[in-house]
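Here is the structure we will look at, set down as structure tokens.
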Amino acid sequence: MFILKKTYKYRAYPSQSQKSTLNRQMYLSKQLYNLLLEQSQKYFKETGKTFTKYDMNKWITKLKKKNPEFNELYSQVCQNVADRVSGAYKNFFRRIKERKQGKKVKGGFPRFKSYISSLTYPQSGFKLEKKMVSVSKIGRINFVNHRDMEGKIKTMAIKQTKSQEWYITFSTEKEDTSLFSNNKPQVGMDLGLKEYATLSDGTRIPNPRISNKSIDKLKTIQRRLSNKKKGGKNRRKAKIKLARISEHIARQRDDFLHKTSYRLVNSYSSIAYEELKIANMAKNHNLARQITDASWGNFTQYLCYKAESAGCRVVGVNPRNTTRTCSKCGNIQDIGLSERTYLCQNCGLKIDRDLNASINILTTAGHAGSNASGDVVRPQLQEAAVGESGTILGGSR
Ligand SMILES: [Zn+2]
Numbered sequence: 026m027f028i029l030k031k032t033y034k035y036r037a038y039p040s041q042s043q044k045s046t047l048n049r050q051m052y053l054s055k056q057l058y059n060l061l062l063e064q065s066q067k068y069f070k071e072t073g074k075t076f077t078k079y080d081m082n083k084w085i086t087k088l089k090k091k092n093p094e095f096n097e098l099y100s101q102v103c104q105n106v107a108d109r110v111s112g113a114y115k116n117f118f119r120r121i122k123e124r125k126q127g128k129k130v131k132g133g134f135p136r137f138k139s140y141i142s143s144l145t146y147p148q149s150g151f152k153l154e155k156k157m158v159s160v161s162k163i164g165r166i167n168f169v170n171h172r173d174m175e176g177k178i179k180t181m182a183i184k185q186t187k188s189q190e191w192y193i194t195f196s197t198e199k200e201d202t203s204l205f206s207n208n209k210p211q212v213g214m215d216l217g218l219k220e221y222a223t224l225s226d227g228t229r230i231p232n233p234r235i236s237n238k239s240i241d242k243l244k245t246i247q248r249r250l251s252n253k254k255k256g257g258k259n260r261r262k263a264k265i266k267l268a269r270i271s272e273h274i275a276r277q278r279d280d281f282l283h284k285t286s287y288r289l290v291n292s293y294s295s296i297a298y299e300e301l302k303i304a305n306m307a308k309n310h311n312l313a314r315q316i317t318d319a320s321w322g323n324f325t326q327y328l329c330y331k332a333e334s335a336g337c338r339v340v341g342v343n344p345r346n347t348t349r350t351c352s353k354c355g356n357i358q359d360i361g362l363s364e365r366t367y368l369c370q371n372c373g374l375k376i377d378r379d380l381n382a383s384i385n386i387l388t389t390a391g392h393a394g395s396n397a398s399g400d401v402v403r404p405q406l407q408e409a410a411v412g413e414s415g416t417i418l419g420g421s422r
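Heads up: the sequence shown runs through residues 26 to 422, numbered per our numbering.
Here's what the structure looks like:
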């Protein structure tokens, strides 16, 4: 049995005074984050050891005595900030480990934050009413409850986008008891740039074009932004405008992701994809490509949560050698980044590179499924991944 995680996002309309309280609390969260990070670094440099969550909690208690303003933050929100710092530290240690194994990863301590734009309530401190959520230390916030939630609510987060809209997201958990029985074919899926996705049965899902107009607009405003004086009013205005366009593109992209994922879960009984592909893709400066990169995570999440009701299962597989292996004979050979066709030196198979990969993904999923059902992976819906859809373009903050 699997635990099914879902995230629900609603537009929220806090009052003016709630907005200033929220902004104040986000400011305090940022201060707390940076103080905890500073403390962790100091501790690491002195002892070579991790500043544990237990240490952090003790330290926060002391901090609150000295600086009572931190009592304005709900205790669970403080807890979440500590979790974020320790998460950043875990990643730091993971990168060190990877570097020792010879992988090329950027090291360096976790960075200090110049802002935090969300507050997360991990367990308590909020109560759901019909069109409002009552939040400890903030009050009752109005939101547009356009969709009923399923499962048990685990966390609640309030977030402000860069275009200064507010959203509330709830993540829920539910035991998945579905029997996966829609009798449709199984398929492997290769996510890519040339095609958005290539399926092992030969289906191609083209990459939707972001209108050149939107891209041009973005570029113009980005350029203008870099000419504006830092901290000035015009710069702030241009930033909001930039965020609005990015969010508009993100919404269009989101629409495509919802429609495509819906179509797929209703056409197949099982969809296998490469789990780490998203994380492994190199950063690129091309805008259109950044948008594509950022949407893969959301896409697999949408697939997962739509899969259940459609009787489909979504399986994440290890991406090892999916591109280099011949899908016919299993021979492993190198293939250049720009080579579109896989030509097997062993059996002579000539096949489209992405199609070859998608067949290997299907095969890998088959092996995984035969030895343990626990290999079925549903990606976790994380607040960051879902809530950030408006910020995928990076740009200057
Ligand atoms: Zn071959």
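Where a beta carbon is used, it is the ideal one built from N, C-alpha and C, also for glycine.
Short of 6 Å in beta carbon distance, which residues of its chain neighbour residue i, apart from the five on each side in sequence? Order them along the chain.
{"i": "K152", "result": "S159"}
{"i": "E198", "result": "I28, K30, G176, K177 and K179"}
{"i": "Y68", "result": "F76"}
{"i": "C369", "result": "C351 and N356"}
{"i": "L380", "result": "T223"}
{"i": "A335", "result": "V290 and N291"}
{"i": "G217", "result": "D379"}
{"i": "R365", "result": "R378"}
{"i": "R276", "result": "none"}
{"i": "G150", "result": "Y99, Q101 and S161"}
Hey, out of the options, whose CA is closest to residue i's CA?
{"i": "Q326", "options": "T347, S239 and A297", "result": "A297"}
{"i": "S295", "options": "R269, K331 and K262", "result": "K331"}
{"i": "G355", "options": "G373, V339 and L362", "result": "G373"}
{"i": "R349", "options": "N116, I376, G336 and E333", "result": "I376"}
{"i": "S188", "options": "R249, S142, A268 and S143", "result": "A268"}
{"i": "A191", "options": "T32, I163 and P39", "result": "Correcting the residue identity first, residue 191 is Trp in this sequence and not Ala. Answer by Cα proximity: P39."}
{"i": "K284", "options": "K244, P233 and K255", "result": "P233"}
{"i": "A107", "options": "K156, Y221, L61 and K162", "result": "L61"}
{"i": "N116", "options": "K129, G133 and G127", "result": "G133"}
{"i": "A182", "options": "I141, G227, K219 and L216", "result": "I141"}
{"i": "I193", "options": "K353, I384, A37 and W84", "result": "A37"}
{"i": "S16", "options": "K266, E154, K122 and K353", "result": "Coverage of the chain is limited to positions 26 through 422, which leaves residue 16 absent and any answer about it impossible."}
{"i": "K55", "options": "Q126, Y367 and T145", "result": "T145"}
{"i": "F118", "options": "G361, Y35, K74 and E333", "result": "K74"}
Go through its chain and collect everything with a Cβ distance to residue i's Cβ below 8 Å, but skip five positions before and after it.
{"i": "R131", "result": "The sequence shown places Lys at residue 131, rather than the Arg named in the question. Same-chain partners within the cutoff: R120."}
{"i": "Q104", "result": "N82 and P147"}
{"i": "R249", "result": "A263"}
{"i": "K446", "result": "Examination of residue 446 is not possible in this model, given that the chain is present from 26 through 422 alone."}
{"i": "K219", "result": "N232, R365 and D379"}
The beta strand (DSSP E) with residue i in it runs from where to where?
{"i": "F151", "result": "F151 to L153"}
{"i": "E220", "result": "E220 to L224"}
{"i": "T86", "result": "Element bounds for T86: not the beta strand (DSSP E) but the alpha helix (DSSP H), K78 to K91."}
{"i": "F168", "result": "G164 to F168"}
{"i": "E97", "result": "Careful: E97 lies outside any beta strand (DSSP E) and carries neither H nor E."}
{"i": "L216", "result": "Q211 to L216"}
{"i": "K179", "result": "K177 to Q185"}
{"i": "I230", "result": "R229 to P231"}
{"i": "G341", "result": "R338 to V342"}
{"i": "K157", "result": "The residue asked about is misnamed: residue 157 is Met in this sequence, not Lys. Element bounds for M157: M157 to V160."}
{"i": "Y146", "result": "S143 to Y146"}
{"i": "E299", "result": "S295 to E299"}
{"i": "T366", "result": "T366 to L368"}
Less than 8 Å between the beta carbons of residue i and residue j, yes or no?
{"i": "A382", "j": "T347", "result": "yes"}
{"i": "L387", "j": "Q101", "result": "no"}
{"i": "Q43", "j": "I230", "result": "no"}
{"i": "Y33", "j": "R172", "result": "yes"}
{"i": "Q64", "j": "L98", "result": "no"}
{"i": "T186", "j": "E272", "result": "yes"}
{"i": "K184", "j": "S143", "result": "yes"}
{"i": "L47", "j": "F95", "result": "no"}
{"i": "P93", "j": "Y114", "result": "no"}
{"i": "K266", "j": "N259", "result": "no"}
{"i": "I384", "j": "G213", "result": "yes"}
{"i": "K78", "j": "S111", "result": "yes"}
{"i": "I270", "j": "K242", "result": "yes"}
{"i": "L328", "j": "S286", "result": "yes"}
Got a sec? Which residues, its chain only, sit under 7 Å from residue i by beta carbon, not counting five neighbours each side?
{"i": "S395", "result": "Residue confidence for S395 is low, a pLDDT of 37 falling below 50, so the modelled location carries little weight and cannot support an answer."}
{"i": "D359", "result": "R349"}
{"i": "I163", "result": "Q43, T46 and L47"}
{"i": "A397", "result": "Legend: pLDDT at A397 = 32, less than 50; position of this residue unreliable, value from coordinates given subsequently. The answer is none, since no qualifying residue turns up."}
{"i": "G227", "result": "L380"}
{"i": "R109", "result": "Y58"}
{"i": "E300", "result": "G341, V342, N343, P344 and V402"}
{"i": "K209", "result": "S292, Y293 and S294"}
In the DSSP assignment, the alpha helix (DSSP H) including residue i goes from what residue to what residue?
{"i": "I246", "result": "N237 to N252"}
{"i": "M51", "result": "Q41 to T72"}
{"i": "I376", "result": "Here I376 belongs to no alpha helix (DSSP H); instead the beta strand (DSSP E) covers K375 to D377."}
{"i": "E272", "result": "K258 to V290"}
Does any C-beta atom of chain C lie closer than 8 Å to the C-beta of residue i?
{"i": "D241", "result": "The structure shown contains no chain C; it is built from a single protein chain."}
In chain order, what residues have a CB nearer than 5 Å to some heavy atom of ligand 1?
C351, K353, C354, N356, C369, N371, C372 and L374
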